[in-house]
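The letter at position 106 of the sequence shown is residue 106 when you use our numbering, and the numbering goes up by one with no holes.
We put the CB at the ideal spot given by N, CA and C, even for glycine.
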Amino acid sequence: MAFKLNSVVPWGRNMEEYKLMFQLSENDMSKKIAGFGDGPACFNYEMTKRNGNVISFDLIYQFSKTDIEKRIEEVRVTVMQQMRENMQNYVWKNIKNLDELENTRMSAMKKFLSDYEKGKAEGRYVFHELPNKLPYEKDYFDIGLSSHFLLMYTALGYDFHIASMTEMLRVCKEIRIFPIVDLDANKTDLIKNVIDHFQKDYIVEIVKTEYEFQKGDNKLLIIRK
Ligand SMILES: C[S@@+](CC[C@H](N)C(=O)[O-])C[C@H]1O[C@@H](n2cnc3c(N)ncnc32)[C@H](O)[C@@H]1O
1 MAFKLNSVVP WGRNMEEYKL MFQLSENDMS KKIAGFGDGP ACFNYEMTKR NGNVISFDLI
61 YQFSKTDIEK RIEEVRVTVM QQMRENMQNY VWKNIKNLDE LENTRMSAMK KFLSDYEKGK
121 AEGRYVFHEL PNKLPYEKDY FDIGLSSHFL LMYTALGYDF HIASMTEMLR VCKEIRIFPI
181 VDLDANKTDL IKNVIDHFQK DYIVEIVKTE YEFQKGDNKL LIIRK
């Protein structure tokens, strides 16, 4: 079945948030980085502006700028309404209130949209669906990132996660995944089983982060060879 844009809720974060979630040092930020499921985040745009080296992969990059922009406008009201109803589940520290949240997200997504066509032409936004094989040799990237995608959508299942993260670990020397909870901020059996699987052959580290937005989502998973 063809993938439909109306099944995605595009909601993008910015470089400062990526820095905090993934504990990216200045040295890390000078490395070759792959962003998996980067969607409409402006991490790639902001990193490119400071001469960084980032390639973003996502299913939504098969669509046009106009279509993605339309979808962002469609979901904006619904997402903000859901946030309003569930405010108590969030920590209003890095982002102070709902207005700041909406402004931060919309500003990140506007930056992404302004960069999308140029970035696509430059090969920085690549349409790719995990767990499909990527056209890169082993260890091509230094760091692979996944923000609010892997481990969070537990409905994608154990096999999907093992296959996706195995492919990411083939092309990246290390991967970092944030957060380590599902959509309801719970650490599920699936998450535990996926981590157990990689613990057998890789160095696995769980690090507490300063970034916490959904209550309890303050841990980063690092897997390296
Ligand atoms: C909630 S968004 C996160 C966007 C961004 N990482 C951030 O934190 O701002 C999740 C993204 O994962 C992408 N995605 C979902 N399934 C995917 C798959 N199988 N392969 C690649 N991307 C996928 C979606 O299209 C969406 O853009």
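Buried versus exposed call for residue i [16 or more other C-beta atoms within 10 Å across all chains shown]
i	result
ALA155	exposed
VAL77	exposed
MET1	With a pLDDT of only 48 at MET1, under the threshold of 50, the placement of this residue in the model should not be trusted, and no figure is reported.
ASP38	buried
PRO179	buried
MET87	exposed
ILE206	exposed
ASP217	buried
Any non-hydrogen atom of ligand 1 closer than 7 Å to residue i Cβ
i	result
ASP38	yes
ARG13	yes
LEU169	no
LEU220	no
VAL181	no
GLU129	yes
ILE60	yes
VAL75	no
ALA41	yes
VAL8	yes
HIS161	no
Beta-carbon proximity check, residue i vs residue j, cutoff 8 Å
i	j	result
MET47	MET29	yes
VAL171	ALA41	no
LYS187	TYR116	no
LEU59	GLU129	yes
LYS32	PHE141	yes
Check: residue i C-beta below 7 Å from any heavy atom of ligand 3
i	result
PRO135	Among the ligands present in this structure, namely ligand 1, ligand 3 is not found.
Distance, residue j Cα to residue i Cα
i	j	result
LYS225	GLU85	42 Å
MET83	PRO131	30 Å
ILE203	TYR125	29 Å
TYR45	ASN193	35 Å
LEU24	TYR18	8 Å
ARG176	SER114	27 Å
LEU151	VAL181	7 Å
ILE55	ASN89	32 Å
LEU120	SER147	A quick correction: the sequence has Lys, not Leu, at residue 120. Between LYS120 and SER147, the C-alpha separation is close to 20 Å.
MET80	GLY144	29 Å
ASP139	LEU221	19 Å
Delimiting residues of the alpha helix (DSSP H) encompassing residue i
i	result
LYS173	Looking at the DSSP string, LYS173 is not in any alpha helix (DSSP H); the run it does join, the beta strand (DSSP E), is 172-178.
LEU150	Looking at the DSSP string, LEU150 is not in any alpha helix (DSSP H), and its letter there is neither H nor E.
ILE95	It is not in any alpha helix (DSSP H) - ILE95 carries neither H nor E in the DSSP assignment.
TYR202	Where TYR202 is concerned, there is no enclosing alpha helix (DSSP H), given that its DSSP letter is neither H nor E.
VAL75	65-85
Residue interval of the beta strand (DSSP E) (run including residue i)
i	result
SER56	53-58
LEU220	219-224
LYS32	32-36
TYR18	Taken as a continuous stretch (DSSP letters only), TYR18 belongs to no beta strand (DSSP E), being part of the alpha helix (DSSP H) at 15-22.
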